[in-house]
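Engineer: Have a look at this one.
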Amino acid sequence: MSLRRVSSVLGLVLLAAAPSALGQAAGPGRSGDIATAYRAPADSLIRAAIADSSAYRRLGRLVDTFGPRLSGTASLEAAIDWILDAMKADGLENVRGEPVMVPRWVRGAESAELVKPRAAKLAMLGLGGSVATPKAGITARVLVVSSLEELTRRAAEAKGKIVLFDVPLTDYPVTRRVRTEGPSAAARVGAVACLIRSVASASIRSPHTGLTVYDSTAAKVPAAALSVEDAMMLHRFQDRGEPVVVTLRMSARSLPDAPSRNVVAEIVGREKPDEVVVLGGHIDSWDVGQGAMDDGGGSVAAWEAVRLIHRLGLRPRRTVRVVLWTNEENGGKGAQAYRDAHAADLARHVLAMESDNGAFNPKGYVLAGSDSAAAVVQQVAGLMQPINATGVQRVDGSPAADITALGQAGVATMEIDTEGSRYFWYHHSDGDTLDKLDPAELARCVAAMAVMAYVVADLPDALPHSAPVSESP
Ligand SMILES: [Zn+2]
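Under numbering that gives the first Met the number 0, the residue at position 183 of the sequence shown is numbered 182, and the numbers go up by one with no gaps.
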């Protein structure tokens with residue numbers, strides 16, 4: 000999952016301060032001239048990152064061997080074991096799995112069939128967290144609506160029907176509401192099941208899953224995503240006045256919480272080991288495809304960044320800590336567990352960075368933090384000129400889900416700003432496989448994370464905290 004918007008720049012402000020002003024804001028004379036002080040190690044990190052395809056090979060090994068990694072599955076835990084062993088072999092320090100209890104949802108067999116006006120199989124994926132249908136399935140007339148608001152207007156027509164939300168993806172946090180809130184909205188007006196149009200920006204009839212969240216005040220009705228093409232076809236039938244009947248069969252169930260782990264490894268700081276720069280991704284994924292883009296790529300980019308800092312013999316003043324959070328997709332329990340386990344030292348976290356927008360070509364960084372933190376980050380980003388990834392965009396709330404709690408504690412939070420045009424082609428679908436990422440682009444993400452993490456961890460002054468910030472919408 001990602002918190003970022005598709006292509007909208009709403010809420011984003013391009014930082015445009017002059018370098019001289021930035022130097023002053025960073026603290027006169029103390030952080031000094033970052034460009035001069037860190038040019039050499041930054042160039043070394045960039046050169047080493049882009050010299051080969053080791054990150055891509057490692058990601059391939061991860062996703063081909065273990066496949067998708069839904070919370071509560073043996074494949075997720077086996078992947079975590081493999082990563083912990085590999086991190087120890089890399090020579091990283093304090094390698095450990097920090098325990099987390101995670102929800103366990105099992106998809107089971109599922110299907111959707113068009114009964115009227117003609118018999119046809121529909122391309123579907125149940126939504127994460129959905130309940131099952133009765134064994135025989137649910138066969139009902141379909142009411143297609145174009146928005147949550149339209150359902151409210153047409154509430155009287157929904158009773159006993161399957162409601163289909165045919166809502167195109169515009170802005171992810173906005174469109175995602177249909178997936179999270181649609182099933183309960185449909186139940187409240189008497190619908191027996193809920194379908195949504197997949198949240199996708201392009202489709203070759205691929206259904207895209209994702210989490211739905213039942214409101215405790217409404218009945219729980221089964222919920223699934225149809226491919227964009229199928230949702231549009233059903234809408235056309237309705238527009239022509241042809242009654243649409245669908246049979247939905249789902250056997251999904253929720254089981255008791257299961258043990259999982261956040262993967263943690265460090266390079267311990269040489270002067271201020273208690274001050275920490277965190278970088279990571281989420282190691283869990285949905286149960287389709289390989290979770291290569293979301294978020295195997297981000298996880299491996301962060302891991303490789305730390306491995307690279309270690310391999311070049313760089314030991315920054317502060318500790319650099321890679322964290323691969325578990326259960327981002329259907330619970331966020333990994334992020335909560337990290338916050339709770341480290342509650343006493345959140346004040347000594349100086350930066351939290353995540354890559355969860357697909358490890359595509361990096362353009363720079365998205366930052367939520369104070370003006371003074373932004374001024375420093377802008378200078379560090381300038382070191383990425385060799386691969387043209389110097390941009391710094393500012394947002395108000397945390398740019399990535401797993402670091403939201405850290406941002407709320409005042410820690411500067413950051414996401415790698417990657418070229419996002421293909422992200423929602425593959426997101427949460429069977430198409431999320433290794434081949435969708437590019438070795439050279441992934442290597443540049445490694446460089447972007449390594450340079451930012453190393454320099455911020457090594458600066459004489461800690462990156463300033465801000466007043467606690469709120470979660471993005
Ligand atoms: Zn994700």
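Built from N, CA and C at the ideal position, the CB exists for glycine as well.
With a 10 Å radius around its C-beta and 16 neighbouring C-beta atoms as the bar for buried, classify Val-454 as buried or exposed.
Structural biologist: buried
Engineer: Determine whether the beta carbon atoms of Glu-109 and Ala-251 lie at a separation below 8 Å.
Structural biologist: yes
Engineer: Counting Cβ pairs closer than 8 Å, one from the region 142-154 and one from the region 273-290, do we hit at least three?
Structural biologist: no
Engineer: Take every Cβ of the region 159-177, pair it with every Cβ of the region 217-237, and state whether three or more of those distances are shorter than 8 Å.
Structural biologist: yes
Engineer: Give me the residue from Ala-135, Gln-335, Asp-286, Ala-449 with the minimum Cα distance to His-427.
Structural biologist: Asp-286
Engineer: What are the partner residues of Asp-348, as DSSP defines its beta bridges?
Structural biologist: As written in the sequence, residue 348 is His, which differs from the Asp given in the question. Partner(s): Val-275.
Engineer: Shorter than 7 Å, the distance from the beta carbon of Glu-414 to the closest heavy atom of ligand 1, or not?
Structural biologist: no
Engineer: Closest to Arg-152 by C-alpha separation, out of Val-188, Thr-179, Lys-160, Arg-117, would be which residue?
Structural biologist: Val-188
Engineer: Considering only their Cβ atoms, is the gap separating Leu-91 from Leu-305 smaller than 8 Å?
Structural biologist: Rather than Leu, the amino acid found at residue 305 in this sequence is Val. Going by C-beta atoms, Val-305 is nearer than 8 Å to Leu-91.
Engineer: Report the three-state DSSP secondary structure of Ser-465 (helix, strand or coil).
Structural biologist: coil
Engineer: Using three-state DSSP, classify Gln-23 as helix, strand or coil.
Structural biologist: Caution applies to Gln-23, whose pLDDT of 38 falls short of 50 and renders its modelled position unreliable; the model cannot decide the point.
Engineer: Take the Cβ of Asp-294 as the centre, count every other Cβ of all protein chains shown within 10 Å, and call the residue buried at 16 or more, exposed below.
Structural biologist: buried
Engineer: Let's test the definition: count the other Cβ atoms within 10 Å of the Cβ of Lys-160 and tell me whether it reaches 16, buried, or not, exposed.
Structural biologist: buried
Engineer: Please give me, in chain order, every unbroken run of the alpha helix (DSSP H) with length at least 4 that falls completely inside the region 171-211.
Structural biologist: 171-187
Engineer: When burial is assigned at 16 or more other CB atoms within 10 Å of the CB, is Ser-205 buried or exposed?
Structural biologist: buried
Engineer: Mind the definition here: the region 253-266 touches the region 112-125 only if three or more C-beta pairs lie below 8 Å; say whether that holds.
Structural biologist: Contact between the region 253-266 and the region 112-125 is absent, because fewer than three Cβ pairs lie under 8 Å.
Engineer: Does ligand 1 have a heavy atom nearer than 7 Å to the CB of His-207?
Structural biologist: no
Engineer: Would you check if the distance between the CB atom of Leu-366 and the CB atom of Arg-393 is smaller than 8 Å?
Structural biologist: yes
Engineer: With Ile-45 and Val-450 assumed to form a contact (beta carbons below 8 Å), what rounded beta-carbon distance in angstroms separates them?
Structural biologist: Between the beta-carbon of Ile-45 and that of Val-450 there is about 7 Å, and that keeps the pair under the 8 Å contact cut.
Engineer: Once DSSP output is grouped into helix, strand and coil, what is the label at His-309?
Structural biologist: helix
Engineer: Identify the residues that DSSP records as bridge partners of Tyr-364: which are they?
Structural biologist: Val-391, Ile-415
Engineer: Between the C-alpha atoms of Tyr-337 and Ile-82, what's the straight-line distance to the nearest angstrom?
Structural biologist: 18 Å
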